[in-house]
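Take a look at the structure set out below.
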Amino acid sequence: VVKLLISSSSRLVCYYNSLAEERAADGKFTVSDIDPYKCTHLIYAFSDINTDNELVPTSAADIPRYHSFNELKTSNQELKTLLSVGGITFNKQKFSGMVGSVQQRQAFIQSAIELLRQYGFDGLNIDWRFPESVLDKQGFTSLCQDLKDGFQSEAISTGNDRLLITASVSPEKDAIDAGYEVAEISASLDFINVLTFDFHGPWEGVTGHHSPLYRGSQDTGDQIYSNTDSAMQYWMDQGAPAPLLNLGLAAYGRAFNLSSLSTDVGAPANGAGEEGCYTGEDGFWAYYEGHNEAEIITLTCLYTEGATVQLITDQMVPYAVTENQWVGFDNRESLGTKVSYLREKNFGGAVVWSLDLDDFDGKFCNQSDSPFISHLNDLILTPNTITTTIITPTTTQTLTTTQPLYTMIPTTIQSTTTTTTPGYCIDNDDGIYPNPDDIFSFLQCTNKETVVHQCQPGLRYRANCTCCDWR
Numbered sequence: 001v002v003k004l005l006i007s008s009s010s011r012l013v014c015y016y017n018s019l020a021e022e023r024a025a026d027g028k029f030t031v032s033d034i035d036p037y038k039c040t041h042l043i044y045a046f047s048d049i050n051t052d053n054e055l056v057p058t059s060a061a062d063i064p065r066y067h068s069f070n071e072l073k074t075s076n077q078e079l080k081t082l083l084s085v086g087g088i089t090f091n092k093q094k095f096s097g098m099v100g101s102v103q104q105r106q107a108f109i110q111s112a113i114e115l116l117r118q119y120g121f122d123g124l125n126i127d128w129r130f131p132e133s134v135l136d137k138q139g140f141t142s143l144c145q146d147l148k149d150g151f152q153s154e155a156i157s158t159g160n161d162r163l164l165i166t167a168s169v170s171p172e173k174d175a176i177d178a179g180y181e182v183a184e185i186s187a188s189l190d191f192i193n194v195l196t197f198d199f200h201g202p203w204e205g206v207t208g209h210h211s212p213l214y215r216g217s218q219d220t221g222d223q224i225y226s227n228t229d230s231a232m233q234y235w236m237d238q239g240a241p242a243p244l245l246n247l248g249l250a251a252y253g254r255a256f257n258l259s260s261l262s263t264d265v266g267a268p269a270n271g272a273g274e275e276g277c278y279t280g281e282d283g284f285w286a287y288y289e290g291h292n293e294a295e296i297i298t299l300t301c302l303y304t305e306g307a308t309v310q311l312i313t314d315q316m317v318p319y320a321v322t323e324n325q326w327v328g329f330d331n332r333e334s335l336g337t338k339v340s341y342l343r344e345k346n347f348g349g350a351v352v353w354s355l356d357l358d359d360f361d362g363k364f365c366n367q368s369d370s371p372f373i374s375h376l377n378d379l380i381l382t383p384n385t386i387t388t389t390i391i392t393p394t395t396t397q398t399l400t401t402t403q404p405l406y407t408m409i410p411t412t413i414q415s416t417t418t419t420t421t422p423g424y425c426i427d428n429d430d431g432i433y434p435n436p437d438d439i440f441s442f443l444q445c446t447n448k449e450t451v452v453h454q455c456q457p458g459l460r461y462r463a464n465c466t467c468c469d470w471r
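Residue numbering for the sequence shown follows full-length UniProt numbering, beginning at 1 and increasing consecutively.
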């Protein structure tokens, strides 16, 4: 039985890919195209690390974009902005070198504080997908701990709010084992983005959805871990609290060239599918994008463009076939299923790569501007009257409700009153606990320090969901 909880979650984190400004025509996406109300946190991707182990802009073109990016907060004062360093193509040796000694980490931290404060960012995102050596693994832990100490000291000395510390990490079991001391970094981070996509792709020689929710019936060996559910569960099993984790969602599909008449999951494929019209990468189609500029076939409008769309019933995600192209993607239905899943698991929210891959000005999908992000905003952040169907490989359940049943506890906690109290956490691990003296508040333990947080008016704390509940 699946328990469906309808509520307003705490986070919808959205990446802004600055390279999208270099695309031509209708694919060009600039800071001015960002709606400041769609997401709770915006991540600017990416910055760089120089030879002195300092955080620096990738290029001079980033400077005016930093200003514009942070000016979005003048429209939405609740919005938080983060600057990310790293990414999938980043030179890993820069990370390895920077974390290698106390002096090098301190050079990075001091430069990060200066850069973030200079341009008005609210925090830092470390996007290190594949720490590989034991030294990298230990160094990443030390970096997170030193960042927390450094950012806290700067906040105390200046009176500013502490800068946020977040990480974007691999969903792959082997990479988690090799690269992350999960419990240790969790104690230092405000939230963790688990990038649960690109599990499969044209590099494998057979078709497969790049962001399945569950294990597929055809999965064997290590493939049984290559799905969102396994990845999120493994991060928790290794010591990450569920409210700390954001579930990764991709506003793009992965396309394959079919090499036989078979069109099923696991069908033979001959490399990446055709490139997108605007993103220009083989086998990579933005949510709005097709593979043929003369006859655009979009992921949203596949139903009306003559393509065959199938639901992978055990993995709860769709794929489409048109001619010899096979593409796995997410649509409104699969997004709804994934959001229901993240609520049922009490995760802190979702993270999306990336804003520019949505139909940001509504030219292609005949829907609203940014329909992918807008739908997630409605599902995750808007507590209203909705009817939601949860579909899992074995059960289907529908629930209608007219009010939020609970408010999830965010990792960076916004509460009506916060006080520091000694004593309770001396004998308890880091985490969130009921307040034995007050059912309308809860306790947060961090490094043996006890902090009391008040639930919102009318709510009481419930340990079984780590949430403030109406009931």
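Virtual Cβ for every residue (Gly too), placed ideally from N, Cα, C.
Since the model is a prediction, treat every value here as computed from it, not as a measurement.
Item                                                                                                           : Value
Run of the beta strand (DSSP E) containing ASN270, from where it starts to where it stops                      : 269 to 272
Under 8 Å between C-beta atoms of ASN346 and PRO243                                                            : yes
Option in SER47, SER374, GLY423, ALA107 with minimal Cα separation from ASP35                                  : SER374
Three or more C-beta pairs below 8 Å linking the stretch 105 to 114 and the stretch 143 to 158                 : yes
Contained alpha helix (DSSP H) runs [length at least 4] in the stretch 305 to 382, N- to C-terminal order      : 332 to 344, 371 to 381
GLY328 and ARG254 closer than 8 Å at C-beta                                                                    : yes
When LYS173, ASP190, GLY271 are compared against TRP203, the one with the closest alpha-carbon                 : GLY271
CB of ARG460 within 8 Å of CB of PHE440, strictly                                                              : yes
Where VAL102 falls: helix, strand or coil (DSSP)                                                               : helix
Where residue 487 falls, given that 16 or more other Cβ within 10 Å makes a residue buried                     : This structure leaves residue 487 out entirely; the chain is present only between 1 and 471.
For VAL206, the nearest candidate out of LEU311, ASP122, GLN218 (CA to CA)                                     : GLN218
Three-state class that DSSP yields for LEU115 in the structure shown                                           : helix
Buried versus exposed call for LYS38 [16 or more other C-beta atoms within 10 Å across all chains shown]       : buried
Nearest-angstrom Cα separation, counted from GLU449 out to TYR15                                               : 33 Å
Rounded straight-line distance, which links the Cα of THR166 to that of MET408                                 : Any reading at MET408 must be qualified, since the residue scores a pLDDT of 41, below 50, and its modelled position is unreliable; the value itself is stated next. The straight-line gap from Cα to Cα measures roughly 19 Å.
Own chain partners of THR40 with C-beta closer than 8 Å, once the 5 adjacent residues on each side are dropped : SER10, ARG11, LEU12, VAL13, GLU78, LEU79, LYS80, GLY349, LEU381
Ordered list of beta strand (DSSP E) runs contained in the stretch 116 to 144, each at least 3 residues        : 123 to 127
First and last residue of the uninterrupted beta strand (DSSP E) at TYR15                                      : 11 to 17
CB of ASN50 within 8 Å of CB of LEU82, strictly                                                                : no
GLY86 and ASP136 closer than 8 Å at C-beta                                                                     : no
Identified DSSP bridge partners for PRO434                                                                     : PHE442
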